[in-house]
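Student: Input: one structure, supplied below.
2 protein chains.
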Amino acid sequence: MSTVTGTTTTGTNTSSSILSIAPKRDLSTSTDVRRLALQHVNPNVRKAKYAVRGELAVKAEEYRVRLTEGDKSLPFDSVIFANIGNPQQLDQKPITFFRQVLSLLENPTLLEQPEVLKTAFGYQQDAVDRAQTLLQEVQSVGAYSHSQGAPAIRASVAKFIEERDGFPANPQDLFLCAGASSGVSTLLNVMCDSPNSGVLVPIPQYPLYTATLSLLDAQCVPYYLEEHKAWGTDIDAIRSSLQMAKAEGTDVRSIVVINPGNPTGASLSADDIKSVLDIAAEERLIVIADEVYQTNVFSGEFISFKKRLRQLQHEVPGKYDHVELASLHSVSKGMVGECGHRGGYFELVGFDPLVVEQIYKFVSIMLCPPVIGQCLVELMVNPPKPGQPSHDLYNKEYSGIRTGLHQRALALYEAFKRMDGVECQEPQGSMYLFPTITLPAKAIEAAHAANRAPDEFYCLRLLDATGVCVVPGSGFGQKANTLHFRTTFLAPGTAWVERIVKFHAEFMEEYK
Amino acid sequence: MSTVTGTTTTGTNTSSSILSIAPKRDLSTSTDVRRLALQHVNPNVRKAKYAVRGELAVKAEEYRVRLTEGDKSLPFDSVIFANIGNPQQLDQKPITFFRQVLSLLENPTLLEQPEVLKTAFGYQQDAVDRAQTLLQEVQSVGAYSHSQGAPAIRASVAKFIEERDGFPANPQDLFLCAGASSGVSTLLNVMCDSPNSGVLVPIPQYPLYTATLSLLDAQCVPYYLEEHKAWGTDIDAIRSSLQMAKAEGTDVRSIVVINPGNPTGASLSADDIKSVLDIAAEERLIVIADEVYQTNVFSGEFISFKKRLRQLQHEVPGKYDHVELASLHSVSKGMVGECGHRGGYFELVGFDPLVVEQIYKFVSIMLCPPVIGQCLVELMVNPPKPGQPSHDLYNKEYSGIRTGLHQRALALYEAFKRMDGVECQEPQGSMYLFPTITLPAKAIEAAHAANRAPDEFYCLRLLDATGVCVVPGSGFGQKANTLHFRTTFLAPGTAWVERIVKFHAEFMEEYK
């Protein structure tokens, strides 16, 4: 359903009926009479772009509504939302243990009859125990928590980080947040202090970064990833972007690294992470490590920036002591896939305590992250262990999701290989593929005639013809004269992939 | 637990051990070596103030932790968080029907055995039905929804508004949000376009408004409420503040009205609302009606701004057609009290569709409000009706909470009457009282000597002596040379009130 196209408010309708007497003059002035015409909107908001939920997504939702209302005029019978990593909108089932505990937190009276829970509904004792522990901490999931997140949940996250990295973590350095997006917004809000503040952002990137920098009227300093190396991070590209921005007078304060990467889940090697930390140490850049895909890795190994930083601080005393690192994680991705719950956290390493105070004040204005989302963060970082009653089912579900994601990624990759003018890097993880498309000159002309970027034109035609919604590469950034689109590999089955294959052949034929 | 005082990060600890060799020089430069020293933090963040969760709240939490750890050295045995409207942290129990439905949404497998739910756990058929309806809409509470909120939930909110006001409401004009705070932030972000943009804000106010305007580097244009008229809205005060700001060149774009009011729940009369709408129509101000306390009314009647606007649009054709109104509501307050779930909505009336598009884009960057919170909004606006199986219990719980709030408000009010130098307006609603305190000259001197505002000094002493945490009036704004504090009346029992009475007598005696 579209909320942004056309339909006027009741108030406007009232005035429309007046306007119908002398429509032309009044219509032209009607916008001016309002206090907030488009030209008065915050220019930073106006210039922000966010393609993941832009025009294509709105149109796809319109198609979906038409189909549910019985519209038979469309050339497809379902809409496939491959534009956004929204696992549970598609095939992915929530993990049973997580949802059992959350149901108990929402209705603690269920805890009064654990035997019934077990015999009738399959709850195990560890789910009951966990709910009781969490309730003791938060009192009620309907109460505000500490603005930084419930202390015991932060303690649990710290323990997880310690076990993952082999280095200590402090609950006081952790901020729970409403999904990683909210954490990124907080960090950028605090660290950008003028239109001259710059942040290095990988291209292609997740558009949250560019959009948030637009809102803050700060500079995005792009550095390009290496497509031919499966979208790896190119240290030279970072250095040259940085030097160029500095030469232009930009006060570059921070570097964002998405590791594993969005779009392809490429994991940085220990050496690559060291190179980024070298730049950070030498150039005094705050590192924002977006590590929300840390479990979505098909090949290679995830190494956290925190771990690598601590190793280097031990190996080379002095050099890295003052590197400031913020690393983010989320319940939205991975095998958890609970994005609707808006849970996440960031860890601060090496930040000035006076700055941490400012971050605390900033987040306190919004009071606290959703408490049930905080509890889900706790469950994610502290799942059932081997030997605990819920472990076998948890493990089976978790592995099943992982295998399914990998299989679908490969199926999509194989399909792209079969398509003329489409090239795709081998999937390494995350939830996305980001193929290059090479379009015929006539298609590019047609796009320009329609006043569209060529990749946008292609994606729009794909949606209209097949109901498959993907995002044009321009929404993430791409090198000049290249075209891409991003698709998730979350949708079940392969029939929708065949729709793309068929459309693509027809499109290429039409414009050859 | 404190997260902002002192404790260094592990990274800093590493460097501390190095620093211990030559501590003085290195300590003084250690901040400078970091990229983000306090002076580099966004100045808008630095200047923002948010007292509700400030120093006093942090200290109160420290006391709470000490008490739970068995510390016997404090002169009190419990901390009373009267600083924040957090009902379920204190005595208020969640409404059974709401939580039953939420538990089913979190674990839909429970729905497979409705008979067991009924016999063992007291779920009624309407709870089961509602969960099924909501699940059909959102698919999974773990999936992202439409950025504006799930369409069917918005339809339910629109129906509620229509029934409340007697005028149509359109789901497309509604935006669900993560608590009203998030909605206010969205609205101010979109409408403030320069440091010269101004917003009229009532004083005393909820500090969300001043803090958010600070973050946006926009102007708060204060207008004072009339304490002697139970903190009523004074139209002349609005006009004179507006004229003064305009004379200074401020581009005043909007007026915030908190109705019923925070702190005292004073409800605006139909005439007062008309006066505000007159100013809005004449001066072209966008009205932000913060109506989160609409059910917390002990005396008088709540009239929504939307209703009054529609009445006036019918009564006086033309004059009010282009008034832009945004009204907010929330699951956090009222008898629902589910602030930890971060649910709320705002309705836009008369906004330019092109501006609505910008609002949509802005909220889409954070993807969507928490889905379980959206479902709770639906339950709040569409509770069990008379004749439905869950209605009797719902009604009993709802009335019980309302009565309890009123009784505690009166008890606190009576206690204030007994205290020398304390004057308090009769409670009319909301969750707060905001008494004036008149302190002896010696107390004011002592405050200055301690480098504290006098009301802050008083509240700090109160906390140290009694464990009762309230917020100094300066956190909300108060007329020059007046002192206040804000306390909720949510805490159970009256023993804590007696702690205040006793402290106050001793404090007055000490500084007489």
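Same order as they appear, the protein sequences are chains F and H. With the working numbering applied, the first sequence closes on residue 512, and no number is skipped along the way. With the working numbering applied, the second sequence closes on residue 1024, and no number is skipped along the way. Yeah, the Cβ is synthetic: ideal placement off N, Cα and C, and Gly gets one too.
Leaving out five residues before and five after phenylalanine 175 (chain F) in sequence, what residues of the same chain have Cβ atoms less than 6 Å from its Cβ?
Tutor: As a working mapping, residue 175 (chain F) is identified with position 175 in the first sequence. Gln148, Phe346.
Student: Just by C-beta distance, which residues in the stretch 595-613 of chain H are closer than 7 Å to chain F?
Tutor: Ile596, Asn598, Gln600, Gln601, Pro606, Arg611, Gln612
Student: Is it true that the stretch 903-912 of chain H meets the stretch 949-967 of chain H, where meeting means three or more beta-carbon pairs spaced less than 8 Å apart?
Tutor: no
Student: Does glutamate 506 (chain F) have its Cβ less than 8 Å from a Cβ in chain H?
Tutor: Taking the first residue of the first sequence as position 1, residue 506 (chain F) is located at position 506. Chain H contact via Cβ: absent.
Student: Considering only residues of the same chain and omitting the five flanking positions on each side of alanine 977 (chain H), which have a CB-CB separation below 7 Å?
Tutor: Counting from 1 along the second sequence, the entry for residue 977 (chain H) is found at position 465. Cβ neighbours of alanine 977 (chain H) beyond the five flanking positions: Pro587, Phe1015.
Student: So which residues of chain F does alanine 723 (chain H) contact, with C-beta pairs closer than 8 Å?
Tutor: Here residue 723 (chain H) refers to the residue found at position 211 when the second sequence is read from its first residue. Chain F residues near alanine 723 (chain H): Ile365.
Student: Can you give the Cα-Cα distance for glutamine 601 (chain H) and serine 140 (chain F), rounded to whole angstroms?
Tutor: Taking the first residue of the second sequence as position 1, residue 601 (chain H) is located at position 89. Taking the first residue of the first sequence as position 1, residue 140 (chain F) is located at position 140. Their Cα atoms are separated by approximately 7 Å.
Student: With respect to the beta strand (DSSP E) encompassing proline 734 (chain H), which residues constitute its N-terminal and C-terminal limits?
Tutor: As a working mapping, residue 734 (chain H) is identified with position 222 in the second sequence. Residues 731-736.
Student: Given that glycine 340 (chain F) touches chain H, what residues does it touch there, using C-beta distances under 8 Å?
Tutor: Here residue 340 (chain F) corresponds to residue number 340 of the first sequence, with the count starting at 1. By Cβ distance, chain H contributes Val650, Ser652, Val653, Gly654, Ala655, Tyr656, Ser657, Cys880, Pro882, Val883, Ile884.
Student: Is there a Cβ from chain H that is less than 8 Å from the Cβ of serine 181 (chain F)?
Tutor: Stepping through the first sequence from its first residue, residue 181 (chain F) is reached at position 181. Closer than 8 Å to some Cβ of chain H, the Cβ of serine 181 (chain F) qualifies, so yes.
Student: How far does the beta strand (DSSP E) with alanine 534 (chain F) in it reach, from first residue to last?
Tutor: Since the first and last residues shown for chain F are 1 and 512, residue 534 (chain F) lies out of range.
Student: Which same chain residues, not among the five before or five after glycine 744 (chain H), have their C-beta less than 6 Å away from its C-beta?
Tutor: Here residue 744 (chain H) corresponds to residue number 232 of the second sequence, with the count starting at 1. Answer for glycine 744 (chain H): Glu738, Ala778, listed in chain order.
Student: If you compare alpha carbons, which of F:Ala150, F:Pro151, F:Ala169 is closest to lysine 159 (chain F)?
Tutor: Stepping through the first sequence from its first residue, residue 159 (chain F) is reached at position 159. Nearest C-alpha to lysine 159 (chain F): F:Ala169.
Student: Can you give me the start and stop residues for the beta strand (DSSP E) that threonine 487 (chain F) sits inside?
Tutor: The sequence position of residue 487 (chain F) within the first sequence is 487, counting from 1. Run containing threonine 487 (chain F): 485-488, per the beta strand (DSSP E) assignment.
Student: With which residues is proline 472 (chain F) paired in a DSSP beta bridge?
Tutor: In the first sequence, the residue the question calls residue 472 (chain F) occupies position 472. In DSSP, proline 472 (chain F) forms a bridge with F:Phe485.
Student: Examine the Cβ distances between the stretch 371-388 of chain F and the stretch 683-703 of chain H and report whether three or more of them are shorter than 8 Å.
Tutor: no
Student: Do we get a CB-CB distance below 8 Å when we pair methionine 703 (chain H) with the residues of chain F?
Tutor: Locating residue 703 (chain H) in the second sequence gives position 191, where the first residue counts as 1. Yes - at least one Cβ of chain F is within 8 Å of the one on methionine 703 (chain H).
Student: Kindly identify the DSSP beta-bridge partner or partners of proline 716 (chain H).
Tutor: Here residue 716 (chain H) refers to the residue found at position 204 when the second sequence is read from its first residue. Its beta-bridge partners do not exist; DSSP assigns none.
Student: Measuring only the C-alpha atoms, how far is valine 157 (chain F) from leucine 393 (chain F)?
Tutor: The residue given as residue 157 (chain F) occupies position 157 in the first sequence. The residue given as residue 393 (chain F) occupies position 393 in the first sequence. Valine 157 (chain F) and leucine 393 (chain F): Cα-Cα distance of roughly 23 Å.
Student: Against glutamine 113 (chain F), what residues of chain H qualify as contacts under a CB-to-CB distance less than 9 Å, listed in chain order?
Tutor: The residue given as residue 113 (chain F) occupies position 113 in the first sequence. Here the neighbours are Ala632, Phe633.
Student: Name the chain H residues that come within less than 7 Å of proline 454 (chain F), Cβ to Cβ?
Tutor: Mapped onto the first sequence, residue 454 (chain F) falls at position 454. Contacts between proline 454 (chain F) and chain H, judged by CB atoms closer than 7 Å, are missing: the closest CB pair is about 23 Å apart.
Student: How long is the line joining the alpha carbons of glutamine 219 (chain F) and leucine 213 (chain F), rounded to whole angstroms?
Tutor: By one-based count along the first sequence, residue 219 (chain F) stands at place 219. By one-based count along the first sequence, residue 213 (chain F) stands at place 213. Approximately 6 Å between the Cα atoms of the pair.
Student: Specify the secondary structure class of valine 33 (chain F) as computed by DSSP and reduced to three states.
Tutor: For the purposes of this step, residue 33 (chain F) is taken as the residue at position 33 of the first sequence. The three-state reading of DSSP puts valine 33 (chain F) in helix, counting H, G and I together.
Student: By the 10 Å Cβ neighbour count, where 16 or more other Cβ atoms means buried, how is threonine 119 (chain F) classified, buried or exposed?
Tutor: Position 119 of the first sequence, counted from the start, is the residue given in the question as residue 119 (chain F). The residue is exposed, with fewer than 16 neighbouring Cβ atoms inside 10 Å.
Student: Output yes or no for whether 8 Å exceeds the beta carbon distance between histidine 329 (chain F) and valine 292 (chain F).
Tutor: Here residue 329 (chain F) corresponds to residue number 329 of the first sequence, with the count starting at 1. Here residue 292 (chain F) corresponds to residue number 292 of the first sequence, with the count starting at 1. Cβ atoms of histidine 329 (chain F) and valine 292 (chain F): closer than 8 Å.
Student: Which of helix, strand or coil does DSSP assign to leucine 860 (chain H)?
Tutor: If you number the second sequence from 1, residue 860 (chain H) lands on position 348. In the structure shown, leucine 860 (chain H) sits in a strand (DSSP, three-state: E or B).
Student: When DSSP labels each residue in this structure, what does leucine 242 (chain F) get in the three-state scheme?
Tutor: As a first step, residue 242 (chain F) must be located in the first sequence, where it is residue number 242. DSSP places leucine 242 (chain F) in helix when its eight states are reduced to three.
Student: Taking only three categories from DSSP, how would you classify glutamate 968 (chain H)?
Tutor: Sequence index remark: in the second sequence, residue 968 (chain H) carries index 456 (1-based). Helix.
Student: Within this structure, are the beta carbons of glycine 261 (chain F) and serine 78 (chain F) separated by less than 8 Å?
Tutor: Indexing the first sequence from 1 puts residue 261 (chain F) at position 261. Indexing the first sequence from 1 puts residue 78 (chain F) at position 78. Not in contact: glycine 261 (chain F) and serine 78 (chain F) (Cβ atoms no closer than 8 Å).
Student: So alanine 48 (chain F) contacts chain H; which residues on that side make the cut at Cβ distance below 8 Å?
Tutor: Here the question's residue 48 (chain F) lines up with position 48 in the first sequence. Residues of chain H passing the Cβ test: Lys873, Phe874, Ile877.
Student: Going straight from the alpha carbon of phenylalanine 863 (chain H) to that of serine 811 (chain H), what length do you get?
Tutor: To locate residue 863 (chain H), count along the second sequence from 1; it is residue 351. To locate residue 811 (chain H), count along the second sequence from 1; it is residue 299. If you take the alpha carbons of phenylalanine 863 (chain H) and serine 811 (chain H), they lie about 33 Å apart.
Student: Over the uninterrupted beta strand (DSSP E) stretch that includes isoleucine 161 (chain F), give me the two end residues.
Tutor: Along the first sequence, read from residue 1 onward, the residue named residue 161 (chain F) stands at position 161. Run containing isoleucine 161 (chain F): none in the beta strand (DSSP E); it sits in the alpha helix (DSSP H), 151-165.
Student: Could you check whether the Cβ of threonine 12 (chain F) sits closer than 8 Å to any Cβ belonging to chain H?
Tutor: Stepping through the first sequence from its first residue, residue 12 (chain F) is reached at position 12. Unreliable placement is indicated for threonine 12 (chain F), whose pLDDT of 32 sits below 50; the coordinate value is still reported in the next sentence. Yes, threonine 12 (chain F) counts as interfacial toward chain H.
Student: Does any CB atom of chain H fall closer than 8 Å to the CB of glutamate 327 (chain F)?
Tutor: Taking the first residue of the first sequence as position 1, residue 327 (chain F) is located at position 327. Per the sequence shown, residue 327 (chain F) should be read as serine rather than glutamate. For serine 327 (chain F), not one C-beta of chain H is nearer than 8 Å to its own C-beta.
Student: What three-state label does DSSP hand aspartate 91 (chain F) in the structure shown?
Tutor: Locating residue 91 (chain F) in the first sequence gives position 91, where the first residue counts as 1. Three-state DSSP puts aspartate 91 (chain F) in coil, outside helix and strand.
Student: Assign phenylalanine 946 (chain H) to one of three DSSP states: helix, strand, or coil.
Tutor: In the second sequence, the residue the question calls residue 946 (chain H) occupies position 434. Three-state result, phenylalanine 946 (chain H): coil.
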